[in-house]
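Mapped onto mature numbering (1 follows the signal peptide of the UniProt record, and there is no 0), the consecutive letters of the sequence shown carry residue numbers -28 to -1, 1 to 74.
Input: a single structure, listed below in structure tokens.
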Amino acid sequence: MVSINGNLLKRVIFVTVFILLFSTNAESRPLRSKRAVNEVQLMHNLGVHKHVELRQDWLQMKLRGIHTASVKNTDIIPELKELYPGEAEEIMAVLEKLMNPS
């Protein structure tokens, strides 16, 4: 069996550890430091899309909190009693279309 000098063994171990550490650090860094223009545009579009979604969700929550009274409630529209029956039906139909735009 060949015996290796203690000083030489330390150098071999040091070089081996240095190579291992250097190779792991080199692979963890990105190859390019700048992004391509299309990547920047994509990230911008994604940010705008998320902002629009958040704004729409906020608006939906606010609209759900609005209470719409029933159109058929006579306390709200007492003037309908003074109209002719045909006029009242037409007004009610228009109001129902406005309340249910489907």
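C-beta: ideal position from N, C-alpha, C; glycine also.
| said: Using only the alpha-carbon positions, how far apart do K69 and V12 sit? | reply: Answer to the nearest angstrom: the Cα atoms are 46 Å apart.
| Limits of the alpha helix (DSSP H) - the one that G58 falls within | First-last of the alpha helix (DSSP H) with G58: 57 to 71.
| said: Does G37 come out as helix, strand or coil in the three-state DSSP assignment? | reply: G37 falls in the coil class under three-state DSSP.
| said: Which same chain residues end up closer than 6 Å to V(-12) when comparing Cβ atoms and leaving out the 5 residues on each side of it in sequence? | reply: Non-local beta-carbon contacts of V(-12) in its own chain, meaning distances under 6 Å to residues more than five positions away in sequence, are absent.
| message | Suppose you measure from the CA of S(-6) to the CA of F(-15); what does that come to, to the nearest Å? | response | Those two C-alpha atoms are separated by around 14 Å.
| field | Close beta carbons around K(-19), own chain, < 7 Å, minus the five adjacent residues each side | value | Same-chain partners within the cutoff: there are none.
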